[in-house]
Every structure is written in structure tokens, then in C-alpha cells.
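This report concerns only the one structure given below.
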Amino acid sequence: MFYSKDDLNRVCTRCQQNYTVEEDGHQIRAEVAICESKSGNYNFHITDQTPEQKLKSFVMAPKVSIENQHLSNQMFALDVEMVYTSRGQEVGRITMLSQDGQPILDTLVKPEDPVFDPATVSLDEARGILLSFLNEKSILGDRHIYSVHLQ
């Protein structure tokens, strides 16, 4: 799960192949496909291994104070989307909902390292997923509905 600063060996989660990274922990994209899986052929490997030093960056929630006491005993839902970078997975988006389902936070996060794969789908694929929840009598409202080309 975690690797030390001196460990340059990784295991690809897509093809299960062992590979080596540069001294700084970065993987260099290959000129040709080096990773084969059911989803296709890629010129880079992906890993879910994380550097040990990331453990030092964990932070605690603020202590209860007069300013934030209204947040005590509130339940929130958190969703974190990951992207694949030259060093492995990094946070790409954070979304938080209140206990009644209201969005509190929805923000894109700029990864520290170059993104190799944003782990996204095409607009056509996203539209297909969206339409699986709707029919012609469904009511959908949003100020950016035109962005997904729906009628």
C-alpha cells in the first residue's frame, strides 16, 4: 500500500506487471504501449501504492469552538475522485454533501504531478449514463443543461 522514498518498484493495478520508476518517483511515459488490459493498451502503468511521506500530511478536523459548534453531530457524505499521475494516484475532485443531500463542496483539485489519466469518460459515455436515469417525461433542470447537448 505505501512505499518508502528509496523504493523504486511498483506494481501496475491494471496489468499486474512490476515496473520501476525514476529516482524522483516519477514514471516516464513510454513511446509505445507497455500496459495491456481489457480496457485497452496504454503507454504508462498505474498504481494505487502511495508514498509513506503522504502519511505525514494527514490533518485533524478543528476542535469544537463557538464558531463551529453548530457542525457537531452533523453527518456529511464525502466523495473523492482520483486521477492517475506520473507518481500514482492523486486527488482530482472532492465533493461533500450535507445529511439532507445538499451539496456543500464540489471542487476540482490540481494534482501535484503531471496527470497521465484523468480517469474520466467521454461526453457521449456520460450522457448515456445520465439518460439511463431519465425518460422523456422526466424533469431535469440546470443552468448548464446545454453543455451536455440534451433536449
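Heads up: take any position in the sequence shown, counting from 1, add 84, and you land on this note's numbering.
Note that CB positions come from ideal geometry on N, CA and C, so glycine has one too.
Exercise. Which word fits VAL143, buried or exposed, when buried means at least 16 other C-beta atoms lie within 10 angstroms of its C-beta?
Worked result: exposed
Exercise. For the candidate residues MET180, GLY124, GLN100, THR204, whose alpha-carbon lies nearest to that of MET166?
Worked result: THR204
Problem set entry | Counted within 10 angstroms of its Cβ, other Cβ atoms place ARG113 as buried (16 or more) or exposed | exposed
For this session: Have a look at THR104, ASP108, GLN137 and flag the residue whose alpha-carbon is nearest the alpha-carbon of THR131.
Result: THR104
For this session: Sort ASN125, ASP163, MET159 by Cα distance to ASP201 and report the nearest one.
Result: ASN125
Exercise. Do PRO135 and THR169 have their CB atoms nearer than 8 Å?
Worked result: no
Problem set entry | Alpha-carbon spacing of LYS122 relative to ASN152, whole angstroms | 48 Å
Exercise. Hey, ARG98 and HIS129: beta-carbon distance below 8 Å or not?
Worked result: yes
Exercise. How would you write the range of the beta strand (DSSP E) that ARG94 sits in, first residue to last?
Worked result: 93 to 95
For this session: State the DSSP-derived secondary structure class of ASP108, mapped to helix, strand or coil.
Result: coil
For this session: Give the secondary structure of LEU218 by DSSP, where H, G and I count as helix, E and B as strand, and everything else as coil.
Result: coil
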